[in-house]
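To keep things clear, I will list the structure first and then write my remarks on it.
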Amino acid sequence: MTETEAKELFDRIDADGDGQINIVELANHFKREGYQGKLRDKVKTALEADANHDRVIDFNEFQQMVK
Ligand SMILES: [Ca+2]
Ligand SMILES: [Ca+2]
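Residue numbers for the sequence shown follow our numbering, beginning at 12 and rising by one.
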């Protein structure tokens, strides 16, 4: 994924546009994508990208996750 694609995806998930993806935005994103499994587990896995443990994914962390 290129940086431009990553930014586009990030902006789509970051619904309120504050530059950070929180748990609710992650859950909504997976729901929109039609994820059928356990949403809680999916969000938990995604939060492993939260390197500084502030419970939100910033763009740097997101890039590590999608690359
Ligand atoms: Ca946000
Ligand atoms: Ca973080």
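Cβ atoms here follow ideal geometry from the backbone N, Cα and C, with glycine treated the same way.
{"Query": "Ala-17 vs Gln-75 beta-carbon contact at 7 angstroms", "Result": "no"}
{"Query": "Asp-61 versus Val-77: straight-line alpha-carbon distance, rounded", "Result": "13 angstroms"}
{"Query": "Any non-hydrogen atom of ligand 4 within 6 angstroms of Gln-31 CB", "Result": "What this structure holds is ligand 1 and ligand 2, not ligand 4."}
{"Query": "Identified DSSP bridge partners for Asp-69", "Result": "Gln-31"}
{"Query": "Inter-residue spacing [alpha-carbon to alpha-carbon] between Glu-59 and Asp-29", "Result": "20 angstroms"}
{"Query": "Other residues of its chain near Tyr-46: CB distance less than 8 angstroms, five sequence neighbours each side excluded", "Result": "Lys-53"}
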